[in-house]
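Novice: Per numbering that gives the first Met the number 0, residue 0 is the first one in the sequence shown, and the count goes up by one each step. Heads up, the beta-carbon is just placed ideally off N, CA and C, and yes, glycines get one too. It should be emphasised that the depicted structure is a prediction, and the values quoted were computed from it without experimental measurement.
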Amino acid sequence: MKKIEAIITPFKLEEVQNALNHIGISGMTLMEVKGFGRQRGHKEIYRGAEYQVDFVPKVQISLVVDSAMADKVISVIKETAKTGKIGDGKIFVYDIQEAIRIRTGESGLEAL
């Protein structure tokens, strides 16, 4: 099993979610996060005053999938979340040893 974490721009969330649903991914966890990478934030003007926004709003999607599905999920996220501009985001992939559904006690792929 693989855990895939994708940090993307908020306006791409619905499109990514629909694309994942289309390939059979029905569950995910979402967190609203703030951060910066190479873009180092951005400048905004509020009431005539310019100020620096260091942490840019993003969303982080986390999902655990069968290892055989991981490449497909990563590909769908890359294609759907990409705008070609700086700040599109990152994808991280982790190995998962075990998954357990608390309600039923199922483990492994059955718990997903």
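By DSSP, does residue 54 sit in helix, in strand, or in coil?
Specialist: Residue 54 falls in the coil class under three-state DSSP.
Novice: Beta carbon of residue 84, beta carbon of residue 55: below 8 Å?
Specialist: It is not a contact, given that the beta carbons lie outside the stated cut-off.
Novice: Rounded to whole angstroms, what is the Cα-Cα separation between residue 77 and residue 103?
Specialist: Those two C-alpha atoms are separated by around 34 Å.
Novice: Under three-state DSSP, which class holds residue 30?
Specialist: If DSSP states are grouped into helix, strand and coil, residue 30 belongs with the strands.
Novice: Spatial neighbours of residue 79 within its chain, please: CB distance less than 6 Å, with the 5 preceding and 5 following residues excluded, ordered by chain position.
Specialist: These residues qualify, in order along the chain: 14, 15, 18.
Novice: Any idea which residues DSSP pairs residue 61 with across the strands?
Specialist: Note: residue 61 sits in a beta bridge opposite 4, 28.
Novice: Please state whether DSSP places residue 90 in a helix, a strand or coil.
Specialist: Strand.
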